[in-house]
Every structure is written in structure tokens, then in C-alpha cells.
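To start, the structure itself, in C-alpha cells.
Protein chains in written order, with the numbering used here: chain A, 1 to 310; chain B, 311 to 620.
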């Protein structure tokens, strides 16, 4: 932040002091990306022109006041892509190679030989065709899996996905896939996308992976689908309530792998996030166009110009 | 086995009846690849010309009597390559993404955010440049890791490894690697290759992966190296005694991932192993050259002709 402090008055604040700090501020850098403090402090934003968030998903700050304002919203697109892709490949291999049971057996001191699954040739649907979804697709393809996408605009010949299905017709396509990966931005269209009907459409052998947002899923429906054997497992890094409440059945369900919203948080991520903001800050001071400008109606950074929209 | 039973008298036996079954037999298919029964029954082999083993490693049957005989030894080279490569990529990702601790925390109902490692760009040394090592190298490279090999014949420009170091000078090269994968055949030259001096040469952050044979490792040295922090972790699928004895400290050591000699055993492997034998049997009956003929002095199938020797 040193370069920014040399060029601007910087006020650091937690959620409690946000209103006071926001008065008179031209720009706001939301570093705690899950903070819900911004809407409450919004009336104090008397001259704000730019809000940058240290995350890829912008749902926590896409409240009506910001949407209606002229404030430009930018995100940290690109920082997490490859780390999350590695996480997804890791959980796919963990399911196929039965690593969780190996660890449970190891902890119990038991030697139990099992047969394992291959991942090569398995079919993966990545729901969400933004940069994170693309990185997941590239890495899983490199490892021998077959990957398609689901997005807002169905198409064929996509460089990373080949075929992209229409997310609006998700249930029609789900039966074909061994792994279904949720990484769509959270919008009015995607909230609760993975509900009872979606899980019912999946193969009984399918595994569901969520590295997007917890609210993409109707959690009670997911729990029912796992209990009922409609799907074979789930790897969840995000939840509709975080931290995951102590009384959630997910903690103790078999074939469920949990991690605490960390799939993208590689060693060095915090510095990288500040660098992304600092680079945009230099553009802003120089009057240049900002990078990663969110379409506040769509709820994400569109990439139409690259033929790669979500 | 139906095709074979139509063309030959087939006797099925366990270890106890091997001597009786071996008398008068022209060929022996060792299906239980870890069986140590063959040397004891060897005096009964009065007309044996061919021994096929349902494994890649042939160390259990490479006793002096077979070595000195004219009996041709063939193995099941190729069956396990890609499954083992997926296993190795899986454990590498498990270490990087801290999956074992995630599972332990999940079992304890605890939400503890951590930062994770990237695997892209990490340096891997694969010790053993046969087909399994090559498959590991290709898959790990596809996933973004940097891979070199170690084998009997140092060279550069190898299609899968790029640089291949001399296994005889292993300790000199080990300090450069984040992951060291043991997949060499077990021979007099490789027995105990990974000893105190090898582990001392590795990075303190290095992880050791053994998918070859337990006897490649001096197990007590590995345990000392893990306890002393000379290396950061180990994923072990093979052990010098299998099943791993209940009193082995490895069961309960942190940063150790154990699996019961199953890394190559994908669903369908047993059928595939029989198919490999049946294909060679057809060649044998037709008087054609057998595939996967082991050099009984080297202890593995040489691939000089493909420029890809171990």
C-alpha cells in the first residue's frame, strides 16, 4: 500500500468505522470481501466514484444503492483462477482415488485394499464460464478429463469448453456428467440454481463441487440428495452461511469434503490482491480506463470482446 | 481365461499346491504378484519355459533359480501406468491443498482457514524412467509442474523428462526438488536407495512419494527424516512389509499419507491383467515373440529401442 499512501490520503477502517471513513472518500477498497458493512455505511458515501473489491465474486456489494449509483465497481478477477483450478482437480482426484477413506482408515490403523476410479475420460460440467471456470476447464482437460461448460449464452467451439450449454436448461444436460462444478457468479439468475431438480437430474455416481458461492445451492436439497443417493458425493468450499454452522449435517456426512472458503487462497494471495488494487489505482490516478469493471446489472465482468462471456 | 482353457490344460492353485501343479507345466501365470511361493516350488518345475507375472515389478520372482534358468519372464508392463500417474498427481495436490488437515478438521467440526500451495511451477524428480515414471511425468507436466527424471543412464532431451539424472548420483540432485517420486524397479542397485543421506539431501519442504516398492526405502531412515523435519511429508502406497505392521509409527505420523498398495488398481484391473496374459499366451501358442520380456539381469523390461530405458 506504500505507493498508494504516497499518492493519496488512505484511511484504514473496520466495519464499525466504515461510515465515518467513507465520508469524503473518492475510492473504497473492500479488502474483507465477505463484509456486509458497505450497504449500511452507504449514506455516508458523499463523493465516492470507485469501489474495488478483493474478490472475484461481487455479490456482497451489489446492493441496490450501488447498482443505482454512478460508482464504478471493479473486482479482483484473475487472482484466484489457477489456484481454484488446482483445488478442483485435487478434489476430483480425491474422490476418484478414495483419499478420504484412505485417511479415515489410516487414522483407524486399518489396511483395506480398494479399487479406485480413473479420472481420464470422465465427463465434467463446469457451470460458469468466467475466468475461473476457464482455468478449471483447461487444467481438467490437461489431466485427461472431458469438459463442457454451462453459461448464459449456449454455443459450440469455445476454446476452453468446446460446447457451452444454456444454464437455463441445466437439468436437461446434467445426466451426462460425472462431475459438476459450480463456479457461476451469484446473481438473481443463479441463486438456488442447484436445487432438488438439479440433483435429481445428476447421475447417482456424480460428484458435485462448489467453488463459487454457497447461495448457488439450496443446501437442504443438497443434503437430501446426498442422503437419498441421488448423487455420490460433494466437495464444498463455500456455504450459504460461513463459517458453516456447527449443527450442519454436512460436517459428518460420508462422501462430503469440506474446506473453509480457501480454494483460491494460495500463499501470497493477500499481497497479490493488494497489487491488483494498486495497479488499478495507478490507472485511476492517471485517468486511464480501469481494469475488471463489473457490469452491475449482470453481476460480473463481461468478456464479450474475448468471445468468453459467462 | 476361457480362451486359454480352450487351448491348454489349465491348473489353478494357491501357494500350497504350487509344487504339485508346477510339475509338467509349460507356463506359469503368477496372478498373486506378491506371492513368495515360486522359489519354494521351483524344484518341481521340470519343463517350465515361460513365467508371466500379473504386476509391473518382478522382484518377487527374480530369485537365483529363475535367473539362472532358461525360463522366459514376462510382466504386465503398461497396465498400471496411467492409474498410478493419477494417484501421484492426487497426492501432490493433497499435500499442496492441505486436504488431509481439511479432513481432520472436518471430522473435528472445526472451521480453520488456511493458505494453500500452488502446484504449478513446482519441481518434481521422478526416480525411475520406465513406463510408469513416464506416465507420471507426462501427467504432472500437463498439470503445470516441472519434472525431471533419474535413471540408470543420464541424458538430456528425453521426450518425457527432459533431463534425466544419474540415479547413482541422486543425492547431488535431490536438493532441487519439491516432490520426489520413487517408482524405480527394485533391484540390487535400487534397494535402500532412499536412505538417511538421500532424505538429508532433500529440501525441508520436500514431499516424498513412493509408488514403486517399499524396499526402495530404508523405512527407519524415512521415519527419522520425517520426525527430524528433514522432509515435510510422505505419501506411501508400498511398504517393505505389507500389510504395514500395526506397530509402525507411520500410521499416526502427521504429514504422512498411507494407502494399501492400491495406487494402480483401478476398477477393472484384474480383467486387464488377465487380458495381458491372454494376449501373450496367444503369441506363445503361435510361436511369436512374447511381449514385455524382462531382462532377468537388469530386473525389468528394457526399452532401449524406444530410447526410454530405466
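The beta carbon of each residue, even a glycine, is placed where N, CA and C say it ideally should be.
### Task
Kindly list, in the order they appear in chain B, the residues whose Cβ is closer than 7 angstroms to that of residue 266 of chain A.
What you label residue 266 of chain A is simply residue 266 of the first chain in a count that begins at 1. Simply 425, 426, 427 and 428.
### Query
For the stretch 37–55 of chain A against the stretch 249–263 of chain A, are there 3 or more C-beta pairs whose distance is under 8 angstroms?
no
### Message
Is it buried or exposed, residue 20 of chain A, if we count other Cβ atoms within 10 angstroms and call 16 or more buried?
### Response
The sequence position of residue 20 of chain A within the first chain is 20, counting from 1. Exposed, since its Cβ has fewer than 16 Cβ neighbours within 10 Å.
### Message
Run through chain B and tell me which residues come within less than 8 angstroms of residue 194 of chain A, C-beta to C-beta.
### Response
One-based indexing of the first chain puts residue 194 of chain A at position 194. Those within 8 angstroms of residue 194 of chain A in chain B number zero; the least Cβ separation is about 21 angstroms.
### Task
Measure the Cβ-Cβ separation of residue 593 of chain B and residue 600 of chain B and say whether it is below 8 angstroms.
What you label residue 593 of chain B is simply residue 283 of the second chain in a count that begins at 1. What you label residue 600 of chain B is simply residue 290 of the second chain in a count that begins at 1. A contact, by the Cβ cut-off of 8 angstroms.
### Query
What are the boundary residues of the beta strand (DSSP E) that residue 50 of chain A is part of?
Counted from its first residue, the first chain places residue 50 of chain A at position 50. Element bounds for residue 50 of chain A: 50–53.
### Message
Any beta carbon from chain A within less than 8 angstroms of residue 409 of chain B's own beta carbon?
### Response
Residue mapping note: residue 409 of chain B aligns to position 99 of the second chain, counting from 1. Cβ-Cβ to chain A under 8 angstroms: yes for residue 409 of chain B.
### Task
Please classify residue 616 of chain B: does DSSP put it in a helix, a strand, or coil?
On the second chain, residue 616 of chain B is found 306 positions in, with the first residue counted as 1. At residue 616 of chain B the pLDDT is 39, less than 50, meaning the model places this residue with poor confidence; the figure from the coordinates comes in the next sentence. Helix at residue 616 of chain B.
### Query
If we cut at 8 angstroms on Cβ distances, does residue 610 of chain B have a partner in chain A?
By one-based count along the second chain, residue 610 of chain B stands at place 300. No, its Cβ sits nowhere closer than 8 angstroms to a Cβ of chain A.
#### Entry: Beta-carbon proximity list for residue 225 of chain A, same chain, < 6 angstroms, skipping 5 on both sides
Numbered from its first residue, the first chain carries residue 225 of chain A at position 225. Only 199 and 231 meet the Cβ criterion.
### Contacts that residue 123 of chain A makes with chain B (C-beta to C-beta distance below 7 angstroms)
Along the first chain, one-based indexing puts residue 123 of chain A at 123. Result: empty, since nearest Cβ-Cβ is about 16 angstroms, beyond 7 angstroms.
#### Entry: Beta-carbon proximity list for residue 187 of chain A, same chain, < 6 angstroms, skipping 5 on both sides
As a working note, residue 187 of chain A is residue 187 in the first chain. Contacts found: 299.
### Message
Rounded to whole angstroms, what is the Cα-Cα separation between residue 512 of chain B and residue 436 of chain B?
### Response
Mapped onto the second chain, residue 512 of chain B falls at position 202. Mapped onto the second chain, residue 436 of chain B falls at position 126. Straight-line Cα distance between these residues: approximately 13 angstroms.
### Query
Which two residues bound the contiguous beta strand (DSSP E) that contains residue 443 of chain B?
To locate residue 443 of chain B, count along the second chain from 1; it is residue 133. Careful: residue 443 of chain B lies outside any beta strand (DSSP E), inside the alpha helix (DSSP H) at 441–452.
### Query
Do you know whose CA, among B:473, B:529 and B:516, lies nearest residue 539 of chain B's CA?
Working through the second chain from its first residue, we reach residue 539 of chain B at position 229. Selected option, being the one with the closest Cα: B:516.
### Task
With DSSP as the reference, label residue 219 of chain A as helix, strand or coil.
For the purposes of this step, residue 219 of chain A is identified with residue 219 of the first chain, where counting begins at 1. Three-state DSSP puts residue 219 of chain A in a helix.
### Message
Taking the alpha-carbon of residue 23 of chain A as reference, which of A:10, A:147, A:288 and A:34 has the nearest alpha-carbon?
### Response
Walking along the first chain from the start, residue 23 of chain A turns up at place 23. Among A:10, A:147, A:288 and A:34, the Cα nearest to that of residue 23 of chain A is on A:10.
### Message
Taking its Cβ as the centre, do 16 or more other Cβ atoms sit within 10 Å of residue 311 of chain A, making it buried, or is it exposed?
### Response
What is shown of chain A runs 1 to 310, which leaves residue 311 of chain A out entirely.
### Query
Between residue 387 of chain B and residue 366 of chain B, is the Cβ-Cβ spacing less than 8 angstroms?
Locating residue 387 of chain B in the second chain gives position 77, where the first residue counts as 1. Locating residue 366 of chain B in the second chain gives position 56, where the first residue counts as 1. Yes, the pair counts as a contact, with Cβ atoms nearer than the cut-off.
### Message
Between which residues of its own chain and residue 215 of chain A is the CB-CB distance below 8 angstroms, once the five residues before and five after are set aside?
### Response
Here residue 215 of chain A is taken as the residue at index 215 of the first chain, counted from 1. Within the same chain, residue 215 of chain A has close Cβ partners 59, 186, 191, 192 and 240.
### Query
Would you say residue 183 of chain A reaches chain B, if we count a Cβ-Cβ gap shorter than 8 angstroms as a contact?
By one-based count along the first chain, residue 183 of chain A stands at place 183. No, its Cβ sits nowhere closer than 8 angstroms to a Cβ of chain B.
### Query
Comparing alpha-carbon positions, which option in B:426, B:521, B:463 and B:434 lies nearest residue 87 of chain A?
The residue you call residue 87 of chain A lines up with position 87 of the first chain. Checking every option, the nearest Cα to that of residue 87 of chain A belongs to B:426.
#### Entry: 7 angstroms Cβ shell around residue 246 of chain A - same chain, five flanking residues per side excluded
Within the first chain, the letter at position 246 stands for residue 246 of chain A. Cβ neighbours of residue 246 of chain A beyond the five flanking positions: none.
#### Entry: Beta-carbon proximity check, residue 175 of chain A vs residue 165 of chain A, cutoff 8 angstroms
Locating residue 175 of chain A in the first chain gives position 175, where the first residue counts as 1. Locating residue 165 of chain A in the first chain gives position 165, where the first residue counts as 1. No, these two residues do not count as a Cβ contact at 8 angstroms.
### Message
Let me confirm a value: residue 36 of chain A is counted as buried when at least 16 other C-beta atoms fall within 10 Å, else exposed. Which label applies?
### Response
For the purposes of this step, residue 36 of chain A is taken as residue 36 along the first chain, with counting starting at 1. Exposed, because fewer than 16 other Cβ atoms sit within 10 Å of the Cβ of residue 36 of chain A.
### Query
Counting contacts by CB-CB distance shorter than 8 angstroms, is residue 112 of chain A in contact with chain B?
Position 112 of the first chain, counting from 1, holds the residue named residue 112 of chain A. Chain B, which has a Cβ nearer than 8 angstroms to the Cβ of residue 112 of chain A, makes this yes.
### Message
Assuming residue 170 of chain A is part of the alpha helix (DSSP H), what are its boundary residues?
### Response
Here residue 170 of chain A refers to the residue found at position 170 when the first chain is read from its first residue. Run containing residue 170 of chain A: 170–173, per the alpha helix (DSSP H) assignment.
### Residue ranges of each beta strand (DSSP E) within the stretch 172–247 of chain A, 3 or longer
179–182, 207–210 and 233–236
#### Entry: Contact residues within the stretch 379–400 of chain B, judged by C-beta distance below 7 angstroms to chain A
392, 393, 396, 397, 399 and 400
### Query
Measuring CB to CB, does residue 326 of chain A end up less than 8 angstroms from residue 404 of chain B?
Residue 326 of chain A is absent from the structure shown; chain A starts at 1 and stops at 310.
### Task
At 9 angstroms on the CB atoms, spell out the chain B contacts of residue 311 of chain A, in chain order.
This structure cannot settle anything about residue 311 of chain A, because the visible part of chain A is limited to 1 through 310.
### CB contact check: residue 35 of chain A to chain B, cutoff 8 angstroms
In the first chain, residue 35 of chain A corresponds to position 35, counting from 1. Judged by the 8 angstroms Cβ criterion, residue 35 of chain A is not in contact with chain B.
### Task
With distances taken Cα to Cα, identify the nearest neighbour of residue 212 of chain A among A:236, A:292 and A:219.
If you number the first chain from 1, residue 212 of chain A lands on position 212. Cα-wise, what sits closest to residue 212 of chain A is A:236.
### Query
Who are the near neighbours of residue 158 of chain A in its chain, counting only those whose CB is closer than 6 angstroms to its CB and skipping five residues on each side?
On the first chain, residue 158 of chain A is found 158 positions in, with the first residue counted as 1. Taken in chain order, the residues that qualify are 164.
### Task
Identify the contact partners of residue 145 of chain A in chain B, using a Cβ-Cβ distance below 8 angstroms as the criterion.
By 1-based counting over the first chain, the position of residue 145 of chain A is 145. Those within 8 angstroms of residue 145 of chain A in chain B number zero; the least Cβ separation is about 10 angstroms.
### Query
Mind checking whether the beta-carbon of residue 451 of chain B lies closer than 7 angstroms to any heavy atom of the ligand MG?
You won't find the ligand MG in this model; it holds no ligand whatsoever.
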